[in-house]
DNA sequence: TCGAAAAACTTACGTTGTTAGTTTTGGAGA
DNA sequence: TCTCCAAAACTAACAACGTAAGTTTTTCGA
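Protein chains in written order, with the working numbering: chain Y, 1 to 221; chain B, 1 to 221.
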């Protein structure tokens, strides 16, 4: 065959393209995510992708949809609100952590899959069920969202490029906290030391926020 | 003059380029931030910028530095830890909100200016001063960071493209919380309704987290 | 059976970041 | 004061990117 026309079995599909794009982004970083690179990995030429996605932006939408389908809000069905929210927030965080590189792109796109909307509905329902006024429930759900996304977007640890002790002369308090964080042993899934600080920071923030929420719920009872 | 060579007064400098870049990003969005666009606004041709920044990535570093110089941790000097942290987190958030478009780029770069490092040192010092163990202080500082950045990165509100009531058939709890949030009157700097939900969500998260922190500090006393 | 639409292709255009080499000027050292 | 090198603007041009246009082959519904 010389001038290849339509193949017997389609080589591409919107979802397959998006899945390949997620692979590339995870393996080689978001800068490597070019239309030609995606096509190459699928044994195809760049412009062929445009038979299935209308633009790169549209492809990013498809990737967002694919990621959000990984979300699972079943943990929120529990009667124990604290355990439910904690498990949901963790699983939510884990999904985005898996796609860490394109989080900034994905996080700013509208929420449209049933899985993602179901998650927001489930956490809203849980908060309402335990007595929070609706407007306050919206704010609390947003706050938890922010904590999850912030912890994935930025890694607190990675911001500090010097060794903890090298901050001591100019920033003694910062150095003290970082050195202490560096000495923390591994606990469960969180790695030891500075490498685990991001996860521990997320866990700490969630625990404190839920502590505060507990007090609030008691008062409303 | 025909072939323009070195000008009498330099037209460019690293900081001036970065400042212009921030202007463009704020006014026309991050996609409009091209080397040629920056140059044009400064009355110069694209490649001239490379006499002052070594690459676009380097320019992004310079922009990050400029933004982080706007940070101000003086609020943390107060004896009242709660008021201090609240004021600091708000001012921190306001700075990033002003540069909302390039936050994803900026947030992932190392913290190197005195202002930014001073902020982390100040909040670490405040937490230590009030009795938090150092490792826990690191985690708490990280958590507050996440809340601030998450609230700027994503706008909870903007994720929902339908009108609140249109979620009711499929996602009743979500609809109820969003409708209630939409009915909230303006309070201080936060606008009324859905438009203010992002700020209120941040405030709510911060308040709850600090409530939890208060309980923790009391126990440590 | 036939024709339109689908799905691959090739070619090519404008933009982007960036390099190379040119020209003019500023300023330090003789 | 003169000289000369480095600084700072320029022009020209490249490769890579997203994408449009038009071509070819195959599938599938009327």
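For glycine and all other residues, C-beta sits at the position ideal for the given N, C-alpha and C.
For the stretch 144-158 of chain Y against the stretch 130-148 of chain B, do three or more pairs of beta-carbon atoms, one drawn from each stretch, fall closer than 8 Å, so that the two count as touching? These segments touch.
Count the other C-beta atoms from every protein chain shown that fall within 10 angstroms of the C-beta of residue 218 of chain Y, then say buried if there are 16 or more, exposed otherwise. By the 10 Å Cβ count, residue 218 of chain Y comes out exposed.
Starting from residue 242 of chain B, trace the alpha helix (DSSP H) both ways and give me its first and last residue. Residue 242 of chain B is absent from the structure shown; chain B starts at 1 and stops at 221.
Can you list, in chain order, the stretches of the alpha helix (DSSP H) that have 4 or more residues and sit fully within the stretch 107-170 of chain B? Complete alpha helix (DSSP H) runs here, min 4: 114-129, 134-153.
State the CB to CB distance for the pair residue 128 of chain Y and residue 173 of chain B, rounded to an integer number of angstroms; the pair is presumed to be in contact (CB under 8 Å). Contact between residue 128 of chain Y and residue 173 of chain B holds, with the beta-carbon distance rounding to 6 Å and staying under 8 Å.
If we define contact as Cβ-Cβ less than 9 Å, is residue 73 of chain Y a contact residue for chain B? Answer no: the Cβ-Cβ gap between residue 73 of chain Y and chain B never drops below 9 Å.
Is DSSP giving residue 190 of chain B helix, strand or coil here? Residue 190 of chain B: strand per DSSP, three-state reduction.
Quick check on residue 221 of chain Y: buried or exposed, where buried means 16 or more other Cβ atoms within 10 Å of its Cβ? The residue is exposed, with fewer than 16 neighbouring Cβ atoms inside 10 Å.
When you compare only the Cα positions, how much space is there between residue 34 of chain B and residue 35 of chain Y? Separation of residue 34 of chain B and residue 35 of chain Y (C-alpha to C-alpha, rounded to the nearest whole angstrom) is 20 Å.
Since residue 229 of chain Y contacts residue 147 of chain B with CB under 8 Å, what's their CB separation in whole angstroms? No information on residue 229 of chain Y is available, as it lies outside the stretch 1 to 221 that chain Y covers here.
Considering only C-alpha positions, which residue in the set Y:193, Y:44, Y:206 is nearest to residue 134 of chain B? It is Y:193.
Three-state secondary structure assigned by DSSP to residue 173 of chain B: Here residue 173 of chain B sits in helix by DSSP.
Examine the Cβ distances between the stretch 45-54 of chain B and the stretch 2-12 of chain B and report whether three or more of them are shorter than 8 Å. Verdict: yes, contact present.
Using a Cβ cut-off of 8 Å, which residues of the stretch 15-28 of chain Y contact any Cβ in chain B, in chain order? Contact annotation: in the stretch 15-28 of chain Y, no residue has its CB less than 8 Å from a CB in chain B.
Taking the Cβ atom as the reference point for each residue, do residue 93 of chain Y and residue 26 of chain Y lie within a distance shorter than 9 Å? No, they are not a contact pair.
Among Y:191, Y:187, Y:38, Y:195, nearest to residue 178 of chain Y - alpha-carbon criterion: When each option's Cα is compared against that of residue 178 of chain Y, the closest is Y:195.
For the stretch 204-219 of chain B, which residues have a beta carbon sitting closer than 9 Å to at least one beta carbon of chain Y? Of all residues in the stretch 204-219 of chain B, those with a C-beta nearer than 9 Å to a C-beta of chain Y are 204, 205, 206, 207, 208, 209, 210, 211, 212, 213, 214, 215, 216, reading in chain order.
DSSP three-state label for residue 1 of chain Y, please. With a pLDDT of 46 at residue 1 of chain Y, under the threshold of 50, the modelled position of that residue is not reliable, and no figure is offered here.
Hey, out of Y:189, Y:197, Y:44, whose CA is closest to residue 183 of chain Y's CA? Closest by alpha carbon: Y:197.
Please report whether the beta-carbon of residue 92 of chain B lies at a distance below 9 Å from any beta-carbon of chain Y. So no, residue 92 of chain B is outside the interface.
For residue 185 of chain Y, go through chain B and note every residue whose CB falls closer than 9 Å to its CB, in chain order. Simply none; closest approach about 10 Å.
Spatial neighbours of residue 37 of chain B within its chain, please: CB distance less than 7 Å, with the 5 preceding and 5 following residues excluded, ordered by chain position. Cβ neighbours of residue 37 of chain B beyond the five flanking positions: 24.
Measure the alpha-carbon distance for residue 83 of chain Y versus residue 103 of chain Y and round it to whole angstroms. If I take the Cα positions, the gap works out to 26 Å.
Closest residue to residue 29 of chain B among B:101, B:190, B:166 (Cα-Cα distance): Among B:101, B:190, B:166, the Cα nearest to that of residue 29 of chain B belongs to B:101.
Of all the residues that make up the stretch 131-151 of chain Y, which are near chain B by a beta-carbon distance shorter than 8 Å? Within the stretch 131-151 of chain Y, the residues whose Cβ lies closer than 8 Å to some Cβ of chain B are 133, 134, 135, 136, 137, 138, 139, 140, 141, 142, 143, 144, 145, 146, 147, 148, 149, 150, 151, listed in chain order.
Within a Cβ cutoff of 7 Å, which residues of the same chain sit near residue 44 of chain Y, ignoring the five residues on either side of it in sequence? Taken in chain order, the residues that qualify are 11, 12.
List the endpoints of the continuous alpha helix (DSSP H) containing residue 85 of chain Y. Under the DSSP assignment, residue 85 of chain Y falls in the alpha helix (DSSP H) whose first and last residues are 81-98.
So, does the CB of residue 118 of chain Y fall closer than 9 Å to a CB anywhere in chain B? It does: the Cβ of residue 118 of chain Y has a partner Cβ on chain B nearer than 9 Å.
By the DSSP assignment, the alpha helix (DSSP H) with residue 24 of chain B in it spans what residues? If you look at residue 24 of chain B, you'll find it in the alpha helix (DSSP H) that goes 14-28.
Taking Cβ to Cβ, would you say residue 142 of chain B is nearer than 9 Å to residue 212 of chain Y? No, Cβ-Cβ distance for residue 142 of chain B and residue 212 of chain Y is not below 9 Å.
Name the chain Y residues that come within less than 8 Å of residue 198 of chain B, Cβ to Cβ? Those within 8 Å of residue 198 of chain B in chain Y are 142.
Reducing DSSP to helix, strand and coil, say where residue 104 of chain Y ends up. Secondary structure of residue 104 of chain Y (DSSP, three-state): helix.
Does the beta carbon of residue 60 of chain Y sit closer than 9 Å to a beta carbon anywhere in chain B? Not one chain B Cβ lies under 9 Å of residue 60 of chain Y.
Just to confirm my understanding: we take residue 189 of chain B, look at its own chain, exclude 5 residues before and 5 after, and list those with CB closer than 6 Å. What are they? Taken in chain order, the list of residues that qualify is empty.
So the candidates are B:120, B:145, B:60, B:5; which of them puts its Cα closest to the Cα of residue 19 of chain B? The residue with the shortest Cα to Cα distance from residue 19 of chain B is B:60.
Just by C-beta distance, which residues in the stretch 153-169 of chain B are closer than 7 Å to chain Y? Near chain Y, meaning a CB-to-CB distance below 7 Å, the residues of the stretch 153-169 of chain B are 153, 154, 156, 159, 160, 161.
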